[in-house]
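Trainee: I am attaching a structure below and will ask some questions about it afterwards.
Shown next, in the form of structure tokens:
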């Protein structure tokens with residue numbers, strides 16, 4: 083299609099104008115609002131006791147969720163790629179399920195299962211508080227991040243096939259040696275990409291976590307809940323902007339990592 | 190299959206580890222790859238049949254013993270994985286569904302058709318449909334400009350497209366409020382209006398259509414377009430008759446995903462939406478409110494309705510895409 087210069091310029095104008103209004107301007111405005119009172123003000127706002135504990139809680143959730151997702155994600159991907167068993171197609175569908183479920187629905191479903199009146203309500207009565215406690219927030223985060231590692235590792239496993247692993251095992255390597263020396267190095271970039279996506283989503287999850295958290299400042303507030311409560315409950319608009327800018331900084335680092343890793347992945 | 194060839198192939202399997210990259214070259218390595226497939230441990234192998242043209246029937250039983258399965262693809266591993274997925278994903282959803290039927294089918298029906306629930310579902314579907322249509326048009330346009338146009342800073346713009354996926358949804362909400370909210374610097378107040386919902390959802394669903402159309406547009410055969418142009422077709426005709434049919438499945442796929450995402454969105458609309466019942470309250474906000482006022486049955490029922498809409502959308506997409514795929518195969 084040979085487009086005249088005028089058409090091309092006007093199409094470019096519309097596309098860039100749309101992105102400018104939708105993405106660039108709002109982000110510019112929030113950066114300006116966060117930093118115009120000065121950097122010291124910004125730092126003070128994101129290092130109040132409540133903010134510190136929110137950062138710690140968010141990081142704690144990430145530290146718990148990532149290893150679990152890595153271990154079970156690789157196991158699931160291996161089972162899906164290498165396994166021959168009934169119900170494999172069903173398992174595939176279940177892995178994709180979290181993408182189709184609204185975060186709020188995740189929260190309600192977890193309440194129906196782990197809450198005081200739910201199927202596992204006995205745990206709650208026995209004193210193990212899942213809902214409105216840390217375990218609930220961790221489980222909610224695992225639910226929404228479950229597909230990432232599986233879906234990034236699976237295609238790599240397909241691609242590398244099994245020849246090298248079989249070679250290793252015929253040379254006398256046991257399963258662990260084969261896994262550590264052959265499989266893991268082969269899937270490392272796909273796995274890293276999956277972990278980056280998991281970290282980003284775990285730090286940013288809001289809907290599912292707010293449903294299962296008691297939301298007390300300084301106790302059970304993650305960084306995203308802090309943004310929400312500062313804006314809604316405290317009417318501390320500047321504090322909300324500052325905390326959101328902090329989260330946005332993390333998101334930008336993630337985006338940078340994603341772009342770099344994507345190049346590395348496709349180099350393979 | 191003679192015993193002799195069987196012997197040879199066993200020999201090949203043992204020889205394979207010696208070559209630096211099994212399966213890449215060499216007769217023994219190729220044969221080893223063949224073996225793997227006969228063994229049935231590789232799900233899909235599109236390699237051509239080996240050079241010696243073995244017919245596709247091996248004797249898989251002894252090989253399964255010779256080449257042990259690796260990693261967790263064994264009954265125990267599969268059991269653990271199934272248990273994990275069940276506890277994390279399936280059991281909660283099962284408990285949710287059971288809870289929605291707590292007062293029988295009529296209870297579920299009453300909860301979903303309660304006026305405020307219906308209103309929330311209607312607002313959700315209406316706004317998501319608008320967002321899907323805008324995405325289909327402008328997402329395709331953005332993809333076209335990013336592929337076919339050249340301008341300084343294109344790579345930065347391209348990287349920026351992914352930002353809404355990386356950004357936490359509550360941050361998206363705050364970001365949009367800082368521009369379109371109370372004391373907006375441009376005097377445009379969208380807070381607590383349906384337009385506010387639309388803008389928030391457009392923000393979070395931006396990458397879907399762009400990222401699904403882009404690769405198709407890169408791969409698209411431009412010679413056909415040029416042929417059409419040289420035969421006297423106007424740009425518009427070329428676009429309508431050549432480009433659009435090629436892109437249609439990708440546009441549809443991206444639009445469907447954007448719609449499914451918009452249906453369940455919560456974080457990005459919670460601040461800018463205003464949560465006004467029958468006006469800007471979306472289904473996810475209604476569910477959250479019902480939990481807060483301790484009406485778990487209502488919350489579960491509308492959750493199930495929301496799930497049903499999302500699944501129907503994704504099912505429809507799958508059916509449509511497999512149909513176009515079949516049509517393409519037939520045309521080839």
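Protein chains in written order, with my numbering: chain A, 83 to 350; chain B, 190 to 521. Ideal Cβ placement from N, Cα and C applies to all residues, glycine included.
Residue 286 (chain B) by DSSP, collapsed to three states: which one?
Mentor: Reading the second chain from its first residue, position 97 is the one you call residue 286 (chain B). Residue 286 (chain B) falls in the helix class under three-state DSSP.
Trainee: Can you pull the chain B neighbours of residue 191 (chain A), defined as C-beta to C-beta under 8 Å?
Mentor: Counted from its first residue, the first chain places residue 191 (chain A) at position 109. The contacting residues are 281, 282, 284, 285, 492.
Trainee: Out of A:178, A:218, A:145, A:126, which one is the CA nearest neighbour of residue 292 (chain A)?
Mentor: On the first chain, residue 292 (chain A) is found 210 positions in, with the first residue counted as 1. Of the listed residues, the one whose Cα sits closest to residue 292 (chain A) is A:218.
Trainee: Do three or more CB pairs link the stretch 148 to 157 of chain A to the stretch 308 to 318 of chain A at distances below 8 Å?
Mentor: no
Trainee: Mind checking residue 438 (chain B): buried by the 16 CB within 10 Å criterion, or exposed?
Mentor: Here the question's residue 438 (chain B) lines up with position 249 in the second chain. Label assigned to residue 438 (chain B): buried.
Trainee: For the putative contact between residue 159 (chain A) and residue 232 (chain A), defined by C-beta atoms under 8 Å, what is the C-beta separation to the nearest angstrom?
Mentor: Position 77 of the first chain, counted from the start, is the residue given in the question as residue 159 (chain A). Position 150 of the first chain, counted from the start, is the residue given in the question as residue 232 (chain A). Between residue 159 (chain A) and residue 232 (chain A) the beta-carbon gap is near 5 Å, inside 8 Å, which marks them as a contact.
Trainee: Any beta carbon from chain A within less than 8 Å of residue 473 (chain B)'s own beta carbon?
Mentor: Within the second chain, numbered from 1, the residue matching residue 473 (chain B) stands at position 284. Residue 473 (chain B) counts as touching chain A.
Trainee: Does DSSP put residue 327 (chain B) in a helix, a strand or coil?
Mentor: To locate residue 327 (chain B), count along the second chain from 1; it is residue 138. Look at residue 327 (chain B) here: in three-state DSSP terms it is helix.
Trainee: Does DSSP put residue 484 (chain B) in a helix, a strand or coil?
Mentor: Locating residue 484 (chain B) in the second chain gives position 295, counting from the first residue. In this structure, residue 484 (chain B) counts as coil in the three-state DSSP scheme.
Trainee: For the putative contact between residue 104 (chain A) and residue 391 (chain B), defined by C-beta atoms under 8 Å, what is the C-beta separation to the nearest angstrom?
Mentor: Here residue 104 (chain A) is taken as the residue at index 22 of the first chain, counted from 1. Here residue 391 (chain B) is taken as the residue at index 202 of the second chain, counted from 1. Contact holds; Cβ gap of about 6 Å.
Trainee: Of all the options A:194, A:273, A:120, which has the alpha carbon lying nearest to the alpha carbon of residue 291 (chain B)?
Mentor: By one-based count along the second chain, residue 291 (chain B) stands at place 102. If we check each option's Cα against that of residue 291 (chain B), A:194 comes out closest.
Trainee: Apply the 10 Å Cβ neighbour rule to residue 339 (chain B) and answer buried if 16 or more other Cβ atoms are within range, or exposed otherwise.
Mentor: Residue mapping note: residue 339 (chain B) aligns to position 150 of the second chain, counting from 1. Exposed, since its Cβ has fewer than 16 Cβ neighbours within 10 Å.
Trainee: Measure the C-alpha to C-alpha separation of residue 92 (chain A) and residue 330 (chain B) and round it to an integer number of angstroms.
Mentor: Mapped onto the first chain, residue 92 (chain A) falls at position 10. Mapped onto the second chain, residue 330 (chain B) falls at position 141. Here the C-alpha atom of residue 92 (chain A) lies approximately 11 Å from the C-alpha atom of residue 330 (chain B).
Trainee: Given residue 172 (chain B), which residues of its chain have a CB within under 7 Å of its CB, disregarding the five upstream and five downstream residues?
Mentor: Any question about residue 172 (chain B) goes unanswered here, given that chain B covers just 190 to 521.
Trainee: What's the C-alpha gap between residue 469 (chain B) and residue 309 (chain B)?
Mentor: Here residue 469 (chain B) is taken as the residue at index 280 of the second chain, counted from 1. Here residue 309 (chain B) is taken as the residue at index 120 of the second chain, counted from 1. About 8 Å.
Trainee: With distance defined between alpha-carbon atoms, name the residue in A:198, A:131, A:319, A:113 nearest to residue 330 (chain A).
Mentor: By 1-based counting over the first chain, the position of residue 330 (chain A) is 248. Minimum Cα distance to residue 330 (chain A) is reached at A:113.
Trainee: Tell me whether residue 166 (chain A) is buried or exposed, calling it buried when 16 or more other Cβ atoms sit within 10 Å of its Cβ.
Mentor: On the first chain, position 84 is the one that residue 166 (chain A) refers to. With fewer than 16 other Cβ atoms within 10 Å, it is exposed.
Trainee: Could you tell me how far apart the beta carbons of residue 200 (chain A) and residue 283 (chain B) are, in whole angstroms, since I believe they sit closer than 8 Å?
Mentor: Position 118 of the first chain, counting from 1, holds the residue named residue 200 (chain A). Position 94 of the second chain, counting from 1, holds the residue named residue 283 (chain B). Incorrect: roughly 11 Å between the Cβ atoms, too far for contact.
Trainee: Should residue 180 (chain A) be flagged as near chain B, meaning a C-beta pair shorter than 8 Å?
Mentor: Within the first chain, numbered from 1, the residue matching residue 180 (chain A) stands at position 98. Chain B contact via Cβ: present.
Trainee: Among residues of its own chain, excluding the 5 on either side of residue 261 (chain B), which ones have a beta-carbon nearer than 6 Å to its beta-carbon?
Mentor: For this step, residue 261 (chain B) is matched to residue 72 along the second chain. Because residue 261 (chain B) carries a pLDDT of 43, less than 50, the predicted location of this residue cannot be relied on, and no value is offered for it.
Trainee: Tell me the start and end of each unbroken beta strand (DSSP E) in the stretch 151 to 223 of chain A that is at least 3 residues and wholly inside, in chain order.
Mentor: none
Trainee: Can you tell me whether DSSP reads residue 317 (chain A) as helix, strand or coil?
Mentor: Here the question's residue 317 (chain A) lines up with position 235 in the first chain. Coil at residue 317 (chain A), not helix or strand.
Trainee: If we define contact as Cβ-Cβ less than 8 Å, is residue 187 (chain A) a contact residue for chain B?
Mentor: Locating residue 187 (chain A) in the first chain gives position 105, counting from the first residue. Judged by the 8 Å Cβ criterion, residue 187 (chain A) is in contact with chain B.
Trainee: If you measure from the beta carbon of residue 233 (chain A) to each beta carbon in chain B, is any gap under 8 Å?
Mentor: Numbered from its first residue, the first chain carries residue 233 (chain A) at position 151. With 8 Å as the cut-off, residue 233 (chain A) does not count as an interface residue toward chain B.
Trainee: Which of the residues in the stretch 346 to 366 of chain B, read from start to end, lie with their CB under 9 Å from any CB of chain A?
Mentor: 346, 348, 349, 350, 351, 352, 353, 354, 355, 356, 357, 358, 359, 360, 361, 362, 363, 364, 365, 366
Trainee: Residues of chain A with CB under 9 Å from residue 396 (chain B), in chain order?
Mentor: Counted from its first residue, the second chain places residue 396 (chain B) at position 207. Per Cβ cutoff of 9 Å: no residues; residue 396 (chain B) is ~11 Å from chain A at best.
Trainee: What number of angstroms, rounded off, separates the C-alpha of residue 246 (chain A) from the C-alpha of residue 261 (chain A)?
Mentor: The residue you call residue 246 (chain A) lines up with position 164 of the first chain. The residue you call residue 261 (chain A) lines up with position 179 of the first chain. About 11 Å.
Trainee: Excluding sequence positions up to five away, which residues of its chain have a Cβ less than 6 Å from the Cβ of residue 450 (chain B)?
Mentor: On the second chain, residue 450 (chain B) is found 261 positions in, with the first residue counted as 1. Around residue 450 (chain B): 394.
Trainee: If residue 463 (chain B) sits next to residue 380 (chain B), beta carbons under 8 Å apart, how far is it from one beta carbon to the other, in whole angstroms?
Mentor: Walking along the second chain from the start, residue 463 (chain B) turns up at place 274. Walking along the second chain from the start, residue 380 (chain B) turns up at place 191. Confirmed, about 6 Å.
Trainee: State the Cα-Cα distance for the pair residue 306 (chain B) and residue 312 (chain B), rounded to the nearest angstrom.
Mentor: Position 117 of the second chain, counted from the first residue, corresponds to residue 306 (chain B). Position 123 of the second chain, counted from the first residue, corresponds to residue 312 (chain B). If you draw a straight line from the Cα of residue 306 (chain B) to the Cα of residue 312 (chain B), it comes to about 10 Å.
Trainee: Enumerated in chain order, which unbroken segments of the alpha helix (DSSP H) with a length of 4 residues or greater are wholly contained in the stretch 348 to 433 of chain B?
Mentor: 352 to 355, 358 to 369, 383 to 408, 411 to 419, 424 to 427
Trainee: With DSSP as the reference, label residue 135 (chain A) as helix, strand or coil.
Mentor: Your numbering for residue 135 (chain A) matches position 53 in the first chain. DSSP places residue 135 (chain A) in helix when its eight states are reduced to three.
Trainee: Report yes if the C-beta distance between residue 277 (chain B) and residue 224 (chain A) is below 8 Å; otherwise report no.
Mentor: In the second chain, counting from the first residue as 1, residue 277 (chain B) sits at position 88. In the first chain, counting from the first residue as 1, residue 224 (chain A) sits at position 142. Yes, the pair counts as a contact, with Cβ atoms nearer than the cut-off.
Trainee: List the residues of chain B that residue 194 (chain A) touches, going by C-beta distances under 8 Å, in chain order.
Mentor: For this step, residue 194 (chain A) is matched to residue 112 along the first chain. 281, 284, 285, 287, 288, 485, 489, listed in chain order.
Trainee: Verify the CB distance criterion: does residue 217 (chain A) have a CB-CB separation below 8 Å to chain B?
Mentor: Walking along the first chain from the start, residue 217 (chain A) turns up at place 135. Residue 217 (chain A) does not count as touching chain B.
Trainee: Closer than 9 Å by beta-carbon distance: list the chain A residues that pair up with residue 134 (chain B), in chain order.
Mentor: This structure gives no information on residue 134 (chain B), because the portion of chain B shown stretches from 190 to 521.
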